[in-house]
Amino acid sequence: CGGERRREERSSSSTSSAQPASSKMTKGTQAFGQRHNKNHVVCRRCGRKSYHVQKSQCSSCSYPEKKMRRYNWSIKALRRRTDGTGRMKHLKTMPRRFKNGFREGTQAKPQKARE
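All the letters of the sequence shown, read from the start, carry residue numbers 1384 to 1498 under the working numbering.
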């Protein structure tokens, strides 16, 4: 019985203090129009929009620190920037060079001389 009476009081009080839609304080669509200050800009090391201008530090890669920011609690973040996700200019030649014993300065024998 008491619960019904409380519900009625709540509903009546909320409808009486309703404000017009234009003066509402919301966190949604209206608030997005107020956003014109930039705290984060593009980082020159990782390329993400995570470099904090006032702190002068990237929240993603920790630039200008020498060591890259890396935490094991974020497995997906490790996977995104681990070996093999980029160009691998040096690393992609390693299996072939390992197979041939890292030889250097030799010339391949002509095909006719091999037979």
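Glycine included, each C-beta is placed from N, C-alpha and C at the ideal position. The structure displayed is predicted, hence computed values, not measured ones.
Beta-carbon spacing of residue i, residue j below 7 Å
i, j, result
"HIS1423", "SER1433", "yes"
"ARG1418", "TYR1446", "no"
CA nearest to the CA of residue i, picked from the options
i, options, result
"SER1443", "PRO1493, ARG1431 and LYS1459", "ARG1431"
"GLY1488", "ARG1480, LYS1450 and ASP1466", "ARG1480"
C-alpha distance - residue i paired with residue j, whole-angstrom precision
i, j, result
"LYS1475", "HIS1435", "34 Å"
"ARG1452", "ARG1463", "13 Å"
"GLY1411", "GLN1437", "26 Å"
"THR1409", "VAL1425", "29 Å"
"SER1414", "LYS1407", "Reading off the sequence, residue 1414 comes out as Ala, not Ser. Approximately 10 Å, taken between the alpha carbons."
"ARG1470", "GLY1416", "40 Å"
"HIS1473", "LYS1459", "25 Å"
Residues that DSSP places opposite residue i in a beta bridge
i, result
"GLN1413", "Paired residues: none, contrary to the question."
Chain D contact for residue i (CB, 7 Å cutoff)
i, result
"ASP1466", "Among the chains in the structure shown there is no chain D, since it carries only a single protein chain."
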